[in-house]
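Following: one structure in structure tokens, then a few remarks.
Residue numbers (my numbering): 10 to 415.
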């Protein structure tokens, strides 16, 4: 891969200490000035925010208090986008965010339900697309601008349903967040705002010059790209395999691979009987770093049903298990019914951080489990009363209600 494509932070050490070190190294003004360039400054915070190794409230507090940024700064604005998608998720839930709010540019029946093999194997012959896919597999990360290009190409030029693209990518991304990933794909598809996101080779040449490809099927005007998105796929076939060597797509699985389990074994839920008489703090994959009463022991929690629906690459499994293990707690994988039975027999409180990801998988307090204490995630932004249909509307509502000065 061309070195110019490397983002600022392609490596993501596991654990909360790594998250705090990354936060301390954020160069906010460089980020604001160069974030759209593929060799520009990025924060590298997204995997840590997604998996709860760092709270969004901590990140915003650092930006405001340590970096002395005003609410209008681009860094805080981008933190706002993450909060906005979570806001939408809370109103629409996991199924609702997959429902188009606007019609796509072309008839819905014309979009394929699977990502083509030449894209999955990074052998389209389009440098920017193949480099993005390789980056995804090699690091579990793709620069935000490259994600938009990849999504736009798949949806608007290869006519792939945006949900198929979102499902493919989230299994490989270390920062794969249901709300941000799914709704960002819907935004690119144009089914959220009614305006599809399009790009061409001129845009690539501006923000990632080594990946530009004059004369390729992307070397078209925006008018032509829009016309083709609505009426027909781009001309020209993908490059043959013989001319463009591809890569193997890493497999995704609903449980950690055997080699990883040898390093980080998952315990049976019966082993938690040793903690029956003391408060217990549950740390699931989206709240790995959260803290509560220091007297509470901690356990890493994996819910079988959730991972059957959302399968991960070995790289993401490793990042999560290594991060959980750094807390020193046991890690248990069990079904929802097993967790419910365990909770029903508890004699001491269990603290559980609420999270949209696992809302339908984890036993709820309403199931009459008196020892289950749900702890809400702290947010740095005020929560508007109703669903805000756009980021700008949400941002205005937040600024009216919160401490931000615009």
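We treat Cβ as the ideally placed atom computed from N, Cα and C, and that holds for glycine.
If the five residues before and after residue 339 are omitted, its C-beta is found closer than 8 Å to the C-beta atoms of 276, 280, 281, 308 and 309, all from its own chain and listed in chain order. Excluding sequence positions up to five before and after residue 369, its CB lies within less than 7 Å of the CB of 103, all in the same chain and listed in chain order. If only uninterrupted beta strand (DSSP E) runs of at least 3 residues are considered, those enclosed by the region 248 to 330 are 289 to 292 and 306 to 312.
Of all alpha-carbon atoms in 151, 393, 388 and 287, the one lying nearest the alpha-carbon of residue 355 is that of 287. Excluding five sequence positions before and after residue 29, the CB atoms of its chain that fall closer than 8 Å to its own CB belong to 63, given in chain order. Of 59, 341, 38 and 336, the smallest CA-CA separation from residue 21 is found for 59. Along the length of the region 41 to 68, whole beta strand (DSSP E) runs at least 3 residues long do not occur. Per the coordinates, the alpha-carbon of residue 110 lies some 47 Å from the alpha-carbon of residue 304. With a 10 Å radius around the Cβ and a threshold of 16 neighbouring Cβ atoms, residue 232 comes out exposed. Between residue 333 and residue 386, the gap from beta carbon to beta carbon reaches 8 Å or more. Proximity of the region 208 to 221 to the region 142 to 151 falls short of the contact definition, fewer than three beta-carbon pairs being nearer than 8 Å.
Contact between the region 376 to 396 and the region 356 to 368 is present: three or more C-beta pairs spanning the two stretches fall below 8 Å. The alpha helix (DSSP H) runs of length 4 or more contained entirely in the region 133 to 191 are, from start to end of the chain, 136 to 148, 153 to 161 and 171 to 179. If you ignore the 5 residues before and after residue 170, its C-beta comes within less than 6 Å of the C-beta of 120 and 122, all in its own chain and listed in chain order. Take residue 184, set aside five residues on each side of it, and the residues of its chain with a beta-carbon closer than 6 Å to its own are 55, 56 and 59, in chain order. The secondary-structure analysis by DSSP pairs residue 384 across a beta bridge with 362.
If you draw a straight line from the Cα of residue 87 to the Cα of residue 71, it is about 14 Å long. Between the alpha carbons of residue 31 and residue 228 lies a gap of roughly 37 Å. Separation of the CB atoms of residue 128 and residue 158 is rounded to 12 Å, and the pair is thereby denied contact status at 8 Å. By the Cβ criterion, the region 163 to 177 is in contact with the region 192 to 200, since at least three pairs of Cβ atoms, one from each stretch, lie closer than 8 Å.
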